[in-house]
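Novice:
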Amino acid sequence: MQGERGSARLAQLDDLSVVEMEVGSRCNRACSYCPVSIMPMPPVPARMPEDVFSRTIEELSRVRFRGRISYHLYNEPLLRVDLHELVARVREQLPDALQILNTNGDLLDDRRYHRLREAGIDYFYVTRHSPGEYPERDWQIVQYSEALRLTNRGGSLVHLPKATEKIRRTPCHAPGEMLIISANGDVLLCYEDAFREHVIGNIVASSLEEIWHDDEVVALRERLHVGDRTVTTMCLNCTNVSHCAPGLSALEDPVLAGVGLEIRDGAVSEMKRISTKGRQP
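In the numbering used here, the protein residues as written are 7 to 287.
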């Protein structure tokens, strides 16, 4: 019976479709729509320590994670010169995961592009903030900042529009589909948590199942699923409605459009298949 219960709890992790790891906590820009522009240096290491990274990958490998992995929170991943080494380790231990690098593109030259692509990055999602053309690359999707759908980051960016009553009644499935791991191993309720106030566990101190199935966290998710955003002040003030239905967290619309996909069911595995085929000689 104990083995059956363990298998059942693993099966319940099927909703986990996204892992975002803050492999570094610094950025080379301070965009007006990002909390980096108004906040001091975050109270976490500049680089994710080895024990945090290793533990994260081990836990994901143990539960056979097959979703999307990215390397950002409010940081620029390319500031880590060893990023290709981390990517290669993820590819080795999580061969079915879709690795997408979100970057502002400032530090992405052809040499790093090819090195990261060879290491295991499937797609590069570049958000450009500077005028002018950007080099075209086969596995790269470019979006310019003026096309972004901005949110107020849980109410932290007071110069952006506030949540309306309609938004405050809109369901949110992000905490039930996304695992947000900060540089010190803390697992945040949501990537919109600019102040890192809503920590639901630590990946080094607890197993993934213990964090994911915590009774209080499960109850909070259930309320968000029916549009009750009063669970936290952050949720109540948040203007993000991108996760209003199940299954919307794994891939953003510009990423889907960039590879010619319009449906979300099976999109992660399809993008992985296309990328893997593209690596074959």
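C-beta atoms are modelled at their ideal positions from N, C-alpha and C, and glycine is treated no differently.
1. Determine the closest residue to residue 125 out of 142, 140, 105, with distance taken between C-alpha atoms.
2. Look at residue 194 and residue 69 and say whether their C-beta atoms are less than 8 Å apart.
3. Would you report the Cα separation of residue 241 and residue 186, rounded to the nearest angstrom?
4. If you draw a straight line from the alpha carbon of residue 212 to that of residue 62, how long is it in whole angstroms?
5. So the beta strand (DSSP E) residue 192 belongs to, where does it begin and stop?
6. So what does DSSP say about residue 3, is it helix, strand or coil?
7. By Cβ distance below 8 Å, which residues in the same chain neighbour residue 34 in space, the five residues on each side in sequence not counted?
8. For a test of the three-state rule: what should DSSP assign to residue 186, helix, strand or coil?
9. So if DSSP puts residue 76 in a beta bridge, which residue, or which two residues, is it bridged to?
10. What separation, rounded to the nearest whole angstrom, lies between the Cα atoms of residue 121 and residue 90?
11. Quick one: complete alpha helix (DSSP H) runs, 4+ long, within the region 139-168?
12. Can you look up residue 50 in the DSSP assignment and give me helix, strand or coil?
13. Going by the DSSP bridge assignment, what does residue 243 pair with across the sheet?
14. Expressed to the nearest angstrom, what Euclidean distance is found between the alpha-carbon atoms of residue 222 and residue 207?
Specialist: In short, the structure shows the following:
1. Along the sequence shown, read from residue 1 onward, the residue named residue 125 stands at position 119. If we check each option's Cα against that of residue 125, 105 comes out closest.
2. Numbered from its first residue, the sequence shown carries residue 194 at position 188. Numbered from its first residue, the sequence shown carries residue 69 at position 63. No, these two residues do not count as a Cβ contact at 8 Å.
3. Taking the first residue of the sequence shown as 1, we reach residue 241 at position 235. Taking the first residue of the sequence shown as 1, we reach residue 186 at position 180. If I take the Cα positions, the gap works out to 16 Å.
4. By 1-based counting over the sequence shown, the position of residue 212 is 206. By 1-based counting over the sequence shown, the position of residue 62 is 56. Those two C-alpha atoms are separated by around 11 Å.
5. The count along the sequence shown starts at 1 and reaches residue 192 at position 186. First-last of the beta strand (DSSP E) with residue 192: 192-194.
6. No statement about residue 3 is possible, as the shown extent of the chain runs from 7 to 287 and does not include it.
7. Walking along the sequence shown from the start, residue 34 turns up at place 28. Excluding positions up to five away in sequence, the list reads 82, 85, 110, 112, 113.
8. The count along the sequence shown starts at 1 and reaches residue 186 at position 180. In the structure shown, residue 186 sits in a strand (DSSP, three-state: E or B).
9. As a working note, residue 76 is residue 70 in the sequence shown. Answer by DSSP bridge pairing, in chain order: 26.
10. Numbered from its first residue, the sequence shown carries residue 121 at position 115. Numbered from its first residue, the sequence shown carries residue 90 at position 84. C-alpha separation (whole angstroms): 7 Å.
11. none
12. Taking the sequence shown and counting its residues from 1, the one referred to as residue 50 is at position 44. DSSP places residue 50 in coil when its eight states are reduced to three.
13. Sequence index remark: in the sequence shown, residue 243 carries index 237 (1-based). Residue 243 is not bridged to any residue.
14. Counted from its first residue, the sequence shown places residue 222 at position 216. Counted from its first residue, the sequence shown places residue 207 at position 201. Residue 222 and residue 207: Cα-Cα distance of roughly 11 Å.
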